[in-house]
Amino acid sequence: MMVKQLVDGFGRVHRDLRISVTDRCNFRCTYCMPAEGLKWVSRADLLTFEEITRVAKIMVEYYGFNSIRITGGEPTVRAKLPVLIKKLAKLPVDLAMTTNGVSLPLIARELRKAGLNRVNISCDSLRAERFAELSRRDMLSRVLEGIDAAIAVGFRPVKINCVLIRGANDDEIADFVAFGREKGIEVRFIEFMPLDADQKWGNNQVITADEIRYLVNSVSPIEPVVRTSAPATRYRFLDGKGYIGIVASVSESFCTTCDRVRITAEGQFRNCLFATSETDIRKLLRNKATDDEIASAVSTSVATKWAGHQINQVNFIRPRRSMSQIGG
Ligand code: SAM
Ligand code: SF4
């Protein structure tokens, strides 16, 4: 089959698929989910492993996708996750997962064996009490064990995702820098985005890339590494001891180089994290649509992708879904 490019109206070629395998989570991070959780998608409405694999295969065969990231909700709460990983690992893609890390002490080895290449582990504080406040779960030690397990079983690279929120954890930047350099892993500082289910986001809570660079530089000087289509801008420590990343979705949006599309746990295709409309791929899958028809629905959606999300501008529209329901 001739591989085509999945291009939008601004000439951006898409090659990176984020698949949410569940909207459920065992954490309740304050910047993501309410304390009581959300109304979960019913089991019958979740895409099956066969359906997920079929969509992934279409993206690879029709459009040359070379990167797939499994996310959620918390992907490791989806039963039999290694079975799905094994199916997806047969595709010629870089297969990654974003996780809160608590299950990794138990299943890291199995996931690695199934063919998962790398993991990003979210961790927003290195102080137990504060971690418990932020995630509403007293589980820092388990997450730290999860990070060690990920390194031990050979995921490469292992990265840490740290969402910075003013007044909550921004005094830990130096600690995270030291932690990453000591473990030989990359910490990615993420700007807080207006995708919290509680809708309490305020621009004044965002620690901007400028501030992050200033604070990191005052611990140990850094210089930028040439940008790719990845969401994080990477920086190298001048003393040669490692890298950090900054995901500046709010203050330095990277929409012009975006190459990502998403599929939610219940099979809704989204051409942008902030999209306000979706394409119902599950309906197509369950109504016996052909691969051509599914590929064509994807391409119609991507053709209408907007230039950028417009956070902080008057015409910004907050998506109906929160981060855990989209798949970050
Ligand atoms: N449960 C997994 C985890 O926490 O890594 C995967 C799903 S989570 C929605 C994916 C990423 O989104 C995590 O790194 C999380 O910290 C980040 N995230 C969640 N809500 C966010 C928000 N409002 N702004 C910025 N990042 C957010
Ligand atoms: Fe769960 Fe991840 Fe959201 Fe935290 S950020 S509540 S771990 S989905």
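If you read the sequence shown in the numbering used here, its first letter stands for residue -7, the second for the next number, and so on.
Cβ coordinates follow ideal geometry from the N, Cα and C atoms, glycine included.
This one's a predicted model, so the numbers in the text were calculated from it and none came from an experiment.
Next item on the list: Output yes or no for whether 8 Å exceeds the beta carbon distance between R101 and V145.
Entry: Working through the sequence shown from its first residue, we reach residue 101 at position 109. Working through the sequence shown from its first residue, we reach residue 145 at position 153. Closer than 8 Å, so yes.
Margin query: So if I measure from each beta-carbon to every heavy atom of the ligand SF4 and keep distances below 7 Å, which residues remain?
Written below: C17, F19, R20, C21, C24, M25, G64, G65, E66, N92, S114, S127, M315, S316 and G320
Notebook entry, point to check: Mind checking whether the beta-carbon of T296 lies closer than 7 Å to any heavy atom of the ligand SAM?
Noted result: Indexing the sequence shown from 1 puts residue 296 at position 304. No, since every heavy atom of the ligand SAM falls outside the 7 Å radius drawn around the Cβ of T296.
Notebook entry, point to check: DSSP state of N304, grouped into three classes?
Noted result: Locating residue 304 in the sequence shown gives position 312, where the first residue counts as 1. Correct three-state label for N304: coil.
Next item on the list: Inspect the CB distances between the stretch 231 to 245 and the stretch 200 to 208 and report whether three or more fall short of 8 Å.
Entry: yes
Check: When burial is assigned at 16 or more other CB atoms within 10 Å of the CB, is A27 buried or exposed?
Finding: Against the sequence shown, residue 27 aligns to sequence position 35. By the neighbour-count rule (16 or more Cβ atoms within 10 Å), A27 is not buried but exposed.
Checklist line | Bounding residues of the beta strand (DSSP E) (the contiguous stretch that carries K151) | finding: Against the sequence shown, residue 151 aligns to sequence position 159. Run containing K151: V150 to L156, per the beta strand (DSSP E) assignment.
Next item on the list: Alpha carbon to alpha carbon, how far is I77 from I255? Give it in angstroms, no decimals.
Entry: Start at 1 with the first residue of the sequence shown, and residue 255 comes out as number 263. Start at 1 with the first residue of the sequence shown, and residue 77 comes out as number 85. In a straight line, the C-alpha of I255 is about 16 Å away from that of I77.
Margin query: With a threshold of 7 Å (Cβ to nearest heavy atom), would V179 be considered close to the ligand SAM?
Written below: Taking the first residue of the sequence shown as position 1, residue 179 is located at position 187. No - the ligand SAM has no heavy atom lying nearer than 7 Å to the Cβ of V179.
Checklist line | Closest Cα partner of A189 within the set G29, V(-1) and S95 | finding: Taking the first residue of the sequence shown as 1, we reach residue 189 at position 197. Nearest option by C-alpha distance: G29.
Check: Excluding the five sequence neighbours on either side, which residues of its own chain have a C-beta within less than 6 Å of the C-beta of R226, listed in chain order?
Finding: Translated into positions along the sequence shown, residue 226 becomes position 234. V217, Y235 and G237.
Note to self: Is T90 close to the ligand SAM? I mean its beta-carbon at under 7 Å from any heavy atom of the ligand.
What the structure shows: Within the sequence shown, the letter at position 98 stands for residue 90. Answer for T90: yes, Cβ within range of the ligand SAM.
Notebook entry, point to check: So is the beta-carbon of N153 under 7 Å away from any non-hydrogen atom of the ligand SAM?
Noted result: The sequence position of residue 153 within the sequence shown is 161, counting from 1. Under cutoff, so the answer is yes.
Note to self: Between I50, G259, F308 and R104, which has its C-alpha nearest R274's C-alpha?
What the structure shows: The residue labelled residue 274 in the question sits at position 282 within the sequence shown. When only C-alpha atoms are compared, the closest one is G259.
Item checked: DSSP state of L38 mapped onto helix, strand, coil -> Counting from 1 along the sequence shown, the entry for residue 38 is found at position 46. Of the three classes helix, strand and coil, the one that applies to L38 here is coil, per DSSP.
Notebook entry, point to check: Cβ of I182 within 7 Å of any heavy atom in the ligand SAM?
Noted result: Residue 182 sits at position 190 when you count from the first residue of the sequence shown. The answer is yes for I182.
Check: Relative to the alpha-carbon of D231, which residue among S245, Y23, V211 and P186 has its alpha-carbon at the smallest distance?
Finding: By one-based count along the sequence shown, residue 231 stands at place 239. When only C-alpha atoms are compared, the closest one is V211.
Check: Which residue comes first and which comes last in the alpha helix (DSSP H) that contains V239?
Finding: The count along the sequence shown starts at 1 and reaches residue 239 at position 247. Counting along the chain, V239 falls outside any alpha helix (DSSP H), though it belongs to the beta strand (DSSP E) covering Y235 to V239.
Checklist line | Contact under 8 Å by Cβ, C247 with A299 | finding: Start at 1 with the first residue of the sequence shown, and residue 247 comes out as number 255. Start at 1 with the first residue of the sequence shown, and residue 299 comes out as number 307. A contact, by the Cβ cut-off of 8 Å.
Note to self: Is the beta carbon of S221 closer than 8 Å to that of H301?
What the structure shows: Taking the first residue of the sequence shown as position 1, residue 301 is located at position 309. Taking the first residue of the sequence shown as position 1, residue 221 is located at position 229. No, they are not a contact pair.
Check: Assuming T268 and F261 make a contact with CB atoms under 8 Å, what is their CB distance in whole Å?
Finding: As a first step, residue 268 is located in the sequence shown; it is residue number 276 there, counting from the start. As a first step, residue 261 is located in the sequence shown; it is residue number 269 there, counting from the start. Rounded, the Cβ-Cβ distance is 14 Å, inconsistent with contact.
Notebook entry, point to check: From L136, R205, A142 and F19, pick the residue whose C-alpha is nearest to that of I162; which is it?
Noted result: The residue you call residue 162 lines up with position 170 of the sequence shown. Residue 162 is actually Asp in this sequence, not Ile. That would be R205, whose Cα lies nearest to the Cα of D162.
Check: In whole angstroms, what separates the C-alpha of T45 from that of W32?
Finding: For the purposes of this step, residue 45 is identified with residue 53 of the sequence shown, where counting begins at 1. For the purposes of this step, residue 32 is identified with residue 40 of the sequence shown, where counting begins at 1. Answer to the nearest angstrom: the Cα atoms are 22 Å apart.
Next item on the list: Tell me, please, which residues DSSP counts as bridged to D272.
Entry: The residue you call residue 272 lines up with position 280 of the sequence shown. Per DSSP, Q260.
Notebook entry, point to check: Does DSSP put L108 in a helix, in a strand, or in coil?
Noted result: Numbered from 1 along the sequence shown, position 116 holds the residue referred to as residue 108. Three-state DSSP puts L108 in coil, outside helix and strand.
Check: Would you report the Cα separation of N153 and R61, rounded to the nearest angstrom?
Finding: By 1-based counting over the sequence shown, the position of residue 153 is 161. By 1-based counting over the sequence shown, the position of residue 61 is 69. Cα-Cα distance, rounded: 14 Å.
Notebook entry, point to check: Going by C-alpha distance, which of R219, A224, C264 and L108 is nearest F181?
Noted result: In the sequence shown, the residue the question calls residue 181 occupies position 189. Cα-wise, what sits closest to F181 is A224.
Notebook entry, point to check: Just the Cα atoms here: how many angstroms apart are D86 and S59?
Noted result: Indexing the sequence shown from 1 puts residue 86 at position 94. Indexing the sequence shown from 1 puts residue 59 at position 67. The straight-line gap from Cα to Cα measures roughly 5 Å.
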